[in-house]
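Chemist: Take 1 as the starting number for the sequence shown in the UniProt record's numbering and just add one per residue.
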Amino acid sequence: MTPTATPGLQRSLPPDLDRFYLIVDDADMAERLVPMGVKLVQLRAKDMEEGRLREEIRRAKRLCEAHGCTLVVNDYWRLAIEEDCAYVHLGQEDLITADVSAIRRAGLKLGLSTHDHAELETALAAEPDYIALGPIWETKLKAMKWAPQTVARIEEWKRLIGRIPLVAIGGITVERLPAVFAAGADIAAVVTDVTRAEDPEARCRTWFSATRT
Numbered sequence: 001m002t003p004t005a006t007p008g009l010q011r012s013l014p015p016d017l018d019r020f021y022l023i024v025d026d027a028d029m030a031e032r033l034v035p036m037g038v039k040l041v042q043l044r045a046k047d048m049e050e051g052r053l054r055e056e057i058r059r060a061k062r063l064c065e066a067h068g069c070t071l072v073v074n075d076y077w078r079l080a081i082e083e084d085c086a087y088v089h090l091g092q093e094d095l096i097t098a099d100v101s102a103i104r105r106a107g108l109k110l111g112l113s114t115h116d117h118a119e120l121e122t123a124l125a126a127e128p129d130y131i132a133l134g135p136i137w138e139t140k141l142k143a144m145k146w147a148p149q150t151v152a153r154i155e156e157w158k159r160l161i162g163r164i165p166l167v168a169i170g171g172i173t174v175e176r177l178p179a180v181f182a183a184g185a186d187i188a189a190v191v192t193d194v195t196r197a198e199d200p201e202a203r204c205r206t207w208f209s210a211t212r213t
């Protein structure tokens, strides 16, 4: 039986965000899933030369504009500015070298990753449009120097950040969603549970059912 969002825990989000936040490695996967009804997608492309990366961003942007989906570009804030994107997401190391003033002048909104209290303090000082916390559970995506944050940390982070949307990421599956949302997360970010599923389209539909009822 597919879990559904817990009644009474729906929180108001800005119209350009969604409770289901899909993260993809390339525009090919975005082209498979965004037309199904994905409303928030991050392009987290790694190890690409700039020309190809720029074309990936352009493809994803055209796709998202055609389907009413918000595109978030991971890391590459200069390209996001040059390609007139809506959002950029930065990790803490990228935030150190990023020109946040230039990002804001260009009209981009900003999402930031956090893993501990020091990073949260740094993130809050940048006045982001959302804050991500992770990994909540152990993740298969990459080796992490941080231990799993646990659902209890979601509750703490939400108390500390108040009305800023909180994104939970790391090891999140549809089956774990009720606990994630009950703890205070506004948005669940998903990578492998969809993109590495045997049938990503079917898994995407399951996520729609679990986050939009």
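Beta carbons are placed, not taken as given, at the ideal position from N, Cα and C, and that holds for glycine. A quick note: this is a predicted structure, and the numbers were derived from the prediction, not measured.
Out of curiosity, what's the CA-to-CA distance linking Trp-193 and Ala-102?
Modeler: Here residue 193 refers to the residue found at position 193 when the sequence shown is read from its first residue. Here residue 102 refers to the residue found at position 102 when the sequence shown is read from its first residue. The sequence as given places Asp at residue 193; Trp does not occur at that position. If I take the Cα positions, the gap works out to 34 Å.
Chemist: Apart from the five residues on each side of it in sequence, which residues of its chain come closer than 8 Å, Cβ to Cβ, to Glu-201?
Modeler: As a position in the sequence shown, residue 201 is number 201, starting the count at 1. Once the five neighbours on either side are set aside, the close Cβ partners of Glu-201 are Arg-32, Leu-33, Met-36.
Chemist: To the nearest angstrom, report how far apart Val-180 and Gly-134 are at their CA atoms.
Modeler: Residue 180 sits at position 180 when you count from the first residue of the sequence shown. Residue 134 sits at position 134 when you count from the first residue of the sequence shown. If I take the Cα positions, the gap works out to 12 Å.
Chemist: What number of angstroms, rounded off, separates the C-alpha of Arg-212 from the C-alpha of Arg-19?
Modeler: As a position in the sequence shown, residue 212 is number 212, starting the count at 1. As a position in the sequence shown, residue 19 is number 19, starting the count at 1. For Arg-212 and Arg-19, the distance between alpha carbons rounds to 8 Å.
Chemist: Which first and last residues belong to the alpha helix (DSSP H) in which Gly-111 is found?
Modeler: What you label residue 111 is simply residue 111 of the sequence shown in a count that begins at 1. Careful: Gly-111 lies outside any alpha helix (DSSP H), inside the beta strand (DSSP E) at 109-114.
Chemist: For Leu-166 and Val-190, what's the separation of their Cα atoms in angstroms?
Modeler: Translated into positions along the sequence shown, residue 166 becomes position 166. Translated into positions along the sequence shown, residue 190 becomes position 190. For Leu-166 and Val-190, the distance between alpha carbons rounds to 14 Å.
Chemist: In its own chain, which residues sit with a C-beta less than 8 Å from the C-beta of Cys-69, not counting the 5 before and 5 after it?
Modeler: Mapped onto the sequence shown, residue 69 falls at position 69. Cβ within range, chain order: Val-34, Val-38, Lys-39, Leu-40, Val-41, Leu-63.
Chemist: Starting from the C-beta of Trp-77, find all residues in its chain whose C-beta is less than 6 Å away, skip the five residues before and the five after it, and write them out in chain order.
Modeler: Position 77 of the sequence shown holds residue 77. Cβ within range, chain order: Val-88, Ala-98, Ile-103.
Chemist: Which residues share a DSSP beta bridge with Tyr-21?
Modeler: As a working note, residue 21 is residue 21 in the sequence shown. DSSP, once it has assigned bridges, lists Ala-189 as partnering Tyr-21.
Chemist: Using CA coordinates, which residue listed in Arg-105, Leu-160, Ile-96 is at the minimum distance from Glu-82?
Modeler: Locating residue 82 in the sequence shown gives position 82, counting from the first residue. It is Arg-105 whose Cα lies nearest to the Cα of Glu-82.
Chemist: Indicate whether Tyr-130 and Leu-17 have their beta-carbon atoms separated by less than 8 Å.
Modeler: What you label residue 130 is simply residue 130 of the sequence shown in a count that begins at 1. What you label residue 17 is simply residue 17 of the sequence shown in a count that begins at 1. The answer is yes: Cβ separation under 8 Å.
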